[in-house]
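Below you'll find the structure, written out as structure tokens, and then a few comments.
There are 2 protein chains.
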Amino acid sequence: MSDTALLAIDWGTTSARAYRLDGRGKVLAERSAPLGVLAVRDGAFAAALATLLGDWSALRVPRIACGMIGSRQGWVEAPYVACPVALDTLAVALVTTPGDELVVVPGVTCRDAADIPDVMRGEETQLAGAMKPGDDRAIVVLPGTHSKWARVEGNKLVAFSTFMTGELYSVLLAHTILGRLAVPAAAGAPPGPAFATGVARGLASGAVAHDLFGARTLVLAGDLAPEAVPDWLSGLLIGREIRAARLWAHHGGHDGAVVRLIGADALVDRYALAFAQADVAVERGRADAAARGLWRIARRAHLVRGGTPVLQ
Amino acid sequence: MSDTALLAIDWGTTSARAYRLDGRGKVLAERSAPLGVLAVRDGAFAAALATLLGDWSALRVPRIACGMIGSRQGWVEAPYVACPVALDTLAVALVTTPGDELVVVPGVTCRDAADIPDVMRGEETQLAGAMKPGDDRAIVVLPGTHSKWARVEGNKLVAFSTFMTGELYSVLLAHTILGRLAVPAAAGAPPGPAFATGVARGLASGAVAHDLFGARTLVLAGDLAPEAVPDWLSGLLIGREIRAARLWAHHGGHDGAVVRLIGADALVDRYALAFAQADVAVERGRADAAARGLWRIARRAHLVRGGTPVLQ
């Protein structure tokens, strides 16, 4: 393991993932543990880190982390920095844990047109990893529990917007009347034809609080099978997210910008289908964006030096 | 109790309420029990009815019910009738329980502009009770778990639209990240100033899946107190419902129609505030709309006769 130059950790709410990188930013190995911030009790973060790293703990190399570990409920608070945020902005705002175990990337905040704040913590690092040297104007989309849409210009995060799409999908099926007539979908199953029907509904204008009710009424009317409800609802919510976020990108002057999707394969597949239905061309980013972002930020902060880095 | 002419029952999912009416449609007494359709096991509806009515069971008068008791999960299925629905349409579609214990009002269905079905069961009867002889064009709003907006012309229900506002409010606070930073509100408490702020956000255009996130970010930024989150969220959802439903009423040609609010006082108060903020004049309907509606339908079905009815 003597070729290790950096330990990089994506430390979220429910789980943590560690990467071992060489002096050119290449991922040599990775490890994960269900030791998210909410699973660590009484502030025992040092012990959690030792468990996560295992024999990597003995390596005398810099360690950098992003995610909820830097929140008020985490190990050390790394206060939000405000948009626009360049890579260098993140690098100079790193915060070190009390015992020097780890440096932590700050979260990012911005305000929308109505002056309502928005926040991210962890995604700024994925975005840093997803930026490309040639990016002039790009839209980077990170689908998930709280989808993030970011407007990127060169190495700069200009603005972003959060959509609670994934969390809405989960709670609507688990805790509302819409779940009563639904047969749950197998995790990661590819979308069936009801997904496209839902996307079409989502891409159209409408009131979400009304449109959702279709997940019940279509079944009552015999127009939708109980097994198809999760796909229809997923399509509706993703379609509506795309409709609304495109408007947001338009107001930000990012019409026609490259749209880059980053995330787990099954979810990115769904979004790619929905984007195709909306006639928007997308490219897929690399899945290891968090590790790449941590490497880039560590370079900018001069935590790693020497060699000819693969990444800038 | 010899002046009793009709027993009228509003029999919903979680509770049932019985009214004793005289020969002019006046409510003489009412009783309720937590014997909603979901609480009755093994089809023991006759026993539940006896418990609800108590000594009223001995009265030899017609009995009529509305609500989920007429659903597939209820005592007897009273199939949906399609809009437009006149009072007489409901009267001729009554269904009788197998042992003749009760006649049941059917639910109503309609299709929206995208041909997605909508349904109500119980609200059609409240609407029947809320109609006024002079109504030419009116909008009747029944706020609640599933708010219903109805376009009414004379004695006819022309179309309606459901908004899952109340259910969204509950599950968002109870089961999503938005509840984590919120201090629960006292039931029925009057709205504080954050309600108006939320309504303003709701009346503006925006993506619900994004706007909701403000219930978290405003607290993180110190712009909203944890105690004010429920009011802000309630305002946002009610404001958005009003914005969307006005558009629906507009497309239906009901601009400028009287808007009549029917429901429990605390909720109607909130909606009245939000309507005032949207510059829409509203009138309040009487709270006993279900009993009045059941009386009117019973009259049209000739279940009650004679005397000079107070209600037509």
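Residue numbers (my numbering), protein chains in the order written: chain A, 1 to 312; chain B, 1001 to 1312. Glycine included, each C-beta is placed from N, C-alpha and C at the ideal position.
Name, please, each residue of chain C whose Cβ falls closer than 7 Å to the Cβ of I1116(B).
Absent from the structure: chain C. Protein chains present are A and B.
My understanding is that F163(A) touches A1301(B), with C-beta atoms under 8 Å, so please give their C-beta distance in whole angstroms.
With a Cβ gap of about 50 Å, F163(A) and A1301(B) do not count as contacting.
May I have a chain-ordered list of the beta strand (DSSP E) segments no shorter than 3 residues that lie completely inside the segment 1033-1070 of chain B?
Qualifying beta strand (DSSP E) stretches, in chain order: 1063-1066.
For my contact list, Q1277(B) and L1203(B) are in at a C-beta cut-off of 8 Å; report their separation, rounded to the angstrom.
Sure, about 7 Å apart at Cβ, within 8 Å.
With DSSP collapsed to three states, give me the class of V1310(B).
For V1310(B), the predicted model reports a pLDDT of 46, less than 50, meaning its position is unreliable; a value from the coordinates is still stated below. Looking at V1310(B) - three-state DSSP - the assignment turns out to be coil, as it is neither helix nor strand.
Suppose the cutoff is 7 Å on Cβ atoms and the five residues either side in sequence are ignored; what does the same chain contact list for V310(A) look like?
Its pLDDT being 46, under 50, V310(A) is placed unreliably in this model, and the value from its coordinates should be taken loosely. Hits under 7 Å: R24, G25 and K26.
In angstroms with no decimal places, state the Cα-to-Cα distance between A221(A) and Y1019(B).
The alpha-carbon atoms of A221(A) and Y1019(B) are separated by roughly 32 Å.
A86(A): which of M131(A), V258(A), T51(A) and V304(A) sits nearest, CA to CA?
Closest option to A86(A), Cα to Cα, is M131(A).
Strictly below 7 Å CB to CB, what residues from chain B border I345(A)?
Beyond the ends of chain A as shown, which are 1 and 312, falls residue 345(A); an answer cannot be given.
To the nearest angstrom, how far is the alpha carbon of A1082(B) from that of V1119(B)?
Answer to the nearest angstrom: the Cα atoms are 9 Å apart.
To which residues of the same chain is W1295(B) closer than 7 Å at the C-beta, ignoring the five residues directly before and after it?
Excluding sequence neighbours, W1295(B) sits near L1006, A1008, L1021, G1025 and L1311.
Taking just the CA atoms, how far does L1261(B) sit from G1188(B)?
C-alpha separation (whole angstroms): 17 Å.
Should D1231(B) be flagged as near chain A, meaning a C-beta pair shorter than 9 Å?
No, its Cβ sits nowhere closer than 9 Å to a Cβ of chain A.
According to DSSP, is T1217(B) part of a helix, a strand, or is it coil?
Looking at T1217(B) - three-state DSSP - the assignment turns out to be helix.
So the candidates are T165(A), H254(A), R299(A) and V258(A); which of them puts its Cα closest to the Cα of L233(A)?
The shortest C-alpha separation from L233(A) is found at T165(A).
Among A58(A), G263(A), C66(A) and A245(A), which one has its Cα closest to the Cα of V37(A)?
For V37(A), the nearest C-alpha among the options comes from C66(A).
Exposed or buried, what is E241(A) when buried is set at 16 or more other beta-carbons lying within 10 Å of its beta-carbon?
By the 10 Å Cβ count, E241(A) comes out buried.
So with Cβ pairs under 9 Å, would you call H146(A) a contact of chain B?
Yes - at least one Cβ of chain B is within 9 Å of the one on H146(A).
Go through the segment 217-279 of chain A residue by residue and report every complete run of the alpha helix (DSSP H) that reaches 4 residues or more, in order.
Complete alpha helix (DSSP H) runs here, min 4: 229-251 and 265-277.
Ignore the nearest five residues each way along the sequence and tell me which others in T308(A)'s own chain have a CB closer than 8 Å to its CB.
No answer about T308(A) holds up, because its pLDDT of 48 lies below 50 and its placement is not dependable.
Identify the residues that DSSP records as bridge partners of V6(A): which are they?
Checking the sequence, you will find Leu at residue 6(A) rather than Val. Per DSSP, L21(A).
Hey, could you find the ends of the beta strand (DSSP E) A1159(B) is sitting in?
From DSSP, the beta strand (DSSP E) with A1159(B) extends over K1156 to F1163.
In angstroms, rounded to a whole number, what distance separates the CA positions of Y80(A) and V104(A)?
The straight-line gap from Cα to Cα measures roughly 12 Å.
Kindly give me the distance between the Cβ atoms of V198(A) and G235(A), rounded to whole angstroms, as I take these residues to be in contact under 8 Å.
The identity of residue 198(A) in the sequence shown is Gly, whereas the question assumes Val. 2 Å between Cβ atoms; contact.
How big is the Cα-Cα spacing for H1250(B) and R1243(B)?
Near 11 Å, if we compare the C-alpha coordinates of R1243(B) and H1250(B).
Starting from V1280(B), find everything on chain A with Cβ-Cβ shorter than 8 Å and list it in chain order.
Within chain A, no residue comes near V1280(B); the closest Cβ sits about 16 Å away, beyond 8 Å.
Excluding five sequence neighbours on each side, which residues of the same chain lie with their C-beta closer than 6 Å to the C-beta of S1057(B)?
Cβ within range, chain order: A1050.
Just reading off the beta strand (DSSP E) that T1109(B) is part of, what are its end residues?
V1108 to R1111 is the extent of the beta strand (DSSP E) around T1109(B).
Is there contact between the segment 147-162 of chain A and the segment 95-114 of chain A, where contact requires at least three CB pairs shorter than 8 Å?
Taking 8 Å as the limit for Cβ pairs, the verdict is that the segment 95-114 of chain A does touch the segment 147-162 of chain A.
Do A93(A) and P106(A) have their C-beta atoms closer together than 9 Å?
Yes, the Cβ-Cβ distance between A93(A) and P106(A) is below 9 Å.
According to DSSP, is A78(A) part of a helix, a strand, or is it coil?
In the structure shown, A78(A) sits in coil (DSSP, three-state: anything other than H, G, I, E or B).
Along the beta strand (DSSP E) that carries A1185(B), what are the first and last residues, could you check?
Taken as a continuous stretch (DSSP letters only), A1185(B) belongs to no beta strand (DSSP E), as it is neither H nor E.
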